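Each remark here refers to the structure printed beneath this line.
Right under this line is the structure:
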């Protein structure tokens, strides 16, 4: 059962664990991404499936540097020691909970990354930055083990701390499939920014074949979706670009993956979100085209997909290449599938790490 608690000194004693061997509490924040939410919820389900007890504690997210010190202190005041046998912390500031059997599983580059819409560092005050760095290292020293869902989710202050890479398997991996290689580039958009969407639309203006793009995951009624429809009309792309109108669900997402020509997770930040998207594409034997910087070890340029950069003409050329040579798309997709399956990911192994 899900519980949300405000940061305070209140004792946590009201979690409704099911029967099982080990009580595991998963600590996340109100700020999360598609991949993080899937990882946390699937881990909860798998813990219960393997006979343990599991619940989720949701802590308020903290993105304002002025409040970070207060948030760290609030987490330290939580009386959580007797609430569970094992504690798994995903994001700042949940790292600062006091518990004798605490694990980190880093799923986001927080809080030392740059703001998405700014070149200014999130923590610009050198004294505050030093405080958070020292506090983080102290919290790490308390942890039984520190894992990272990707190498890009590790803050600089943790780089020399023996962090172990621990990829998360997909949820419901057996549901992923490859039905066909159609004419459509499937674009994830649940973390879309307008510049990213404009980049794809610009690329579609330069294509010379019958390749199409399909954008999914944007909530109905959002300004982003209104912007897309406006840009499609202005550019005369109504026959080349489609936008998913129905609510984004796991079922229609997997269906889109299974029928597409290639996957373009252009709207996803590098790190856990991007890795998860590459894994999903691999489980469907589909190649991946990325507009992000080449920092994902799962995607092999010109082998399982392309690092395209942000030139719309380059993107258009790659779209056309795969459309005209579907045997190449199939070959790249198969390579992506082999790479992902070769990871040998297992929820049983991950559950064991947090319960032994």
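Residue numbers (my numbering): 302 to 657. Ideal placement from N, C-alpha and C gives every residue a C-beta, glycine not left out. Owing to the predicted nature of the structure, the values given are computational and were not obtained by experimental measurement.
request  = Name the two residues that bound the continuous beta strand (DSSP E) containing residue 341.
outcome  = Counting from 1 along the chain shown, the entry for residue 341 is found at position 40. Residue 341 -> not in any beta strand (DSSP E); alpha helix (DSSP H) instead, spanning 335 to 350.
key: Cβ neighbours of residue 377 in the same chain (closer than 7 Å, five flanking residues each side left out)   = As a working note, residue 377 is residue 76 in the chain shown. Correct list, in chain order: 397, 399.
query = Whose C-alpha, out of 328, 517, 380, is nearest the C-alpha of residue 356?
reply = By 1-based counting over the chain shown, the position of residue 356 is 55. The option with the nearest alpha carbon to residue 356 is 328.
query = Looking at C-beta atoms only, is the number of pairs between the region 432 to 446 and the region 470 to 479 that lie closer than 8 Å three or more?
reply = no
ask   = Excluding sequence positions up to five away, which residues of its chain have a Cβ less than 8 Å from the Cβ of residue 510?
value = For the purposes of this step, residue 510 is taken as residue 209 along the chain shown, with counting starting at 1. So the qualifying residues of the chain are 620, 621, 624, 625.
key: Contact check, residue 542 vs residue 516, beta carbons under 8 Å   = Numbered from its first residue, the chain shown carries residue 542 at position 241. Numbered from its first residue, the chain shown carries residue 516 at position 215. In this structure, residue 516 lies closer than 8 Å to residue 542 by Cβ.
task = Report buried or exposed for residue 565, applying the criterion of at least 16 other Cβ atoms within 10 angstroms of its Cβ.
result = For the purposes of this step, residue 565 is taken as residue 264 along the chain shown, with counting starting at 1. The residue is buried, with at least 16 neighbouring Cβ atoms inside 10 Å.
task = Following the continuous alpha helix (DSSP H) through residue 504, name the residue where it begins and the one where it ends.
result = In the chain shown, the residue the question calls residue 504 occupies position 203. Run containing residue 504: 495 to 507, per the alpha helix (DSSP H) assignment.
inquiry  = Just to check my reading of the structure: residue 470 and residue 647 have Cβ atoms closer than 8 Å, yes? What is that Cβ distance to the nearest angstrom?
reply    = The sequence position of residue 470 within the chain shown is 169, counting from 1. The sequence position of residue 647 within the chain shown is 346, counting from 1. Right, their Cβ atoms sit about 7 Å apart.
query = Is it the case that the Cβ atoms of residue 483 and residue 407 are separated by a distance below 8 Å?
reply = What you label residue 483 is simply residue 182 of the chain shown in a count that begins at 1. What you label residue 407 is simply residue 106 of the chain shown in a count that begins at 1. For residue 483 and residue 407, no; Cβs fall outside 8 Å.
Inter-residue Cα distance where the pair is residue 370 and residue 429 = Taking the first residue of the chain shown as 1, we reach residue 370 at position 69. Taking the first residue of the chain shown as 1, we reach residue 429 at position 128. Going from the Cα of residue 370 to the Cα of residue 429 covers about 8 Å.
ask   = Count the other CB atoms within 10 Å of the CB of residue 322; is the residue buried (16 or more) or exposed (fewer)?
value = Translated into the one-based positions of the chain shown, residue 322 becomes position 21. Exposed.
query = Going along the chain, which residues of its own chain have a beta-carbon closer than 7 Å to the beta-carbon of residue 507, five neighbours each way excluded?
reply = Locating residue 507 in the chain shown gives position 206, where the first residue counts as 1. Contacts found: 613, 614, 617.
task = Go to residue 488, then tell me how far its beta strand (DSSP E) extends in each direction, as first and last residue.
result = What you label residue 488 is simply residue 187 of the chain shown in a count that begins at 1. Residues 485 to 489.
query = What does residue 281 pair with, by DSSP beta-bridge criteria?
reply = Only positions 302 to 657 of the chain appear in the structure, and residue 281 is not among them; the question remains open.
task = Kindly indicate which three-state DSSP category residue 551 falls into: helix, strand or coil?
result = As a first step, residue 551 must be located in the chain shown, where it is residue number 250. Helix.
message = Applying the 10 Å Cβ sphere with the 16-neighbour rule, what's the burial state of residue 344?
response = On the chain shown, residue 344 is found 43 positions in, with the first residue counted as 1. So residue 344 counts as buried.
key: Distance, residue 442 Cα to residue 486 Cα   = What you label residue 486 is simply residue 185 of the chain shown in a count that begins at 1. What you label residue 442 is simply residue 141 of the chain shown in a count that begins at 1. Looking at the two C-alpha atoms, the distance is approximately 45 Å.
request  = Would you tell me roughly how many angstroms separate the C-alpha atoms of residue 645 and residue 579, rounded to the nearest one?
outcome  = Translated into the one-based positions of the chain shown, residue 645 becomes position 344. Translated into the one-based positions of the chain shown, residue 579 becomes position 278. Roughly 15 Å between the two C-alpha positions.
key: Contact under 8 Å by Cβ, residue 583 with residue 638   = The residue you call residue 583 lines up with position 282 of the chain shown. The residue you call residue 638 lines up with position 337 of the chain shown. In contact: residue 583 and residue 638 (Cβ atoms closer than 8 Å).
ask   = Along the chain, where does the beta strand (DSSP E) that runs through residue 608 open and close?
value = On the chain shown, position 307 is the one that residue 608 refers to. Taken as a continuous stretch (DSSP letters only), the beta strand (DSSP E) holding residue 608 covers 606 to 608.
task = Pull up the distance between the alpha-carbon of residue 588 and that of residue 514, whole angstroms please.
result = Counted from its first residue, the chain shown places residue 588 at position 287. Counted from its first residue, the chain shown places residue 514 at position 213. Distance between the alpha carbons of residue 588 and residue 514 is about 15 Å.
query = Based on Cα-Cα distance, which residue from 540, 490, 503 lies nearest to residue 549?
reply = Position 248 of the chain shown holds residue 549. Of the listed residues, the one whose Cα sits closest to residue 549 is 490.
query = Where do the N-terminal and C-terminal ends of the beta strand (DSSP E) with residue 396 fall, by residue?
reply = Indexing the chain shown from 1 puts residue 396 at position 95. Looking at the DSSP string, residue 396 is not in any beta strand (DSSP E), and its letter there is neither H nor E.
inquiry  = Between the alpha carbons of residue 537 and residue 531, how many angstroms are there, rounded?
reply    = Residue mapping note: residue 537 aligns to position 236 of the chain shown, counting from 1. Residue mapping note: residue 531 aligns to position 230 of the chain shown, counting from 1. Their backbone Cα atoms lie some 10 Å apart in a straight line.
request  = State yes or no: is the C-beta of residue 409 within less than 8 Å of the C-beta of residue 337?
outcome  = Against the chain shown, residue 409 aligns to sequence position 108. Against the chain shown, residue 337 aligns to sequence position 36. Yes; because the gap between Cβ atoms is below 8 Å, this pair is in contact.
ask   = Who are residue 356's beta bridge partners in DSSP?
value = In the chain shown, counting from the first residue as 1, residue 356 sits at position 55. DSSP output for residue 356 lists 326 as bridge partner(s).
First and last residue of the uninterrupted alpha helix (DSSP H) at residue 409 = The residue labelled residue 409 in the question sits at position 108 within the chain shown. Residue 409 -> no alpha helix (DSSP H), and no H or E assigned at all.
query = I think residue 349 touches residue 331, with their Cβ atoms under 8 Å apart; what is that distance to the nearest whole Å?
reply = Along the chain shown, read from residue 1 onward, the residue named residue 349 stands at position 48. Along the chain shown, read from residue 1 onward, the residue named residue 331 stands at position 30. Between residue 331 and residue 349 the Cβ distance is about 23 Å, and since that is not below 8 Å, they are no contact.
task = For residue 365, count neighbouring Cβ atoms within 10 angstroms of its own Cβ and tell me buried if that reaches 16, exposed if not.
result = Position 64 of the chain shown, counted from the first residue, corresponds to residue 365. It counts as exposed.
query = Looking only at C-alpha atoms, which of 374, 528, 382, 387 sits nearest to residue 394?
reply = Start at 1 with the first residue of the chain shown, and residue 394 comes out as number 93. Out of 374, 528, 382, 387, 374 has the C-alpha closest to the C-alpha of residue 394.
key: Runs of beta strand (DSSP E) wholly within the region 573 to 628 (minimum 3 residues, chain order)   = 589 to 591, 606 to 608
Whole-angstrom distance between residue 527 and residue 340, CA atom to CA atom = Your numbering for residue 340 matches position 39 in the chain shown. Your numbering for residue 527 matches position 226 in the chain shown. Straight-line Cα distance between these residues: approximately 31 Å.
inquiry  = Let's test the definition: count the other Cβ atoms within 10 Å of the Cβ of residue 524 and tell me whether it reaches 16, buried, or not, exposed.
reply    = Locating residue 524 in the chain shown gives position 223, where the first residue counts as 1. Its Cβ having fewer than 16 others within 10 Å, residue 524 is exposed.
task = Answer with buried or exposed for residue 383, where buried requires no fewer than 16 other C-beta atoms within 10 angstroms of its C-beta.
result = The residue labelled residue 383 in the question sits at position 82 within the chain shown. Burial call: exposed.
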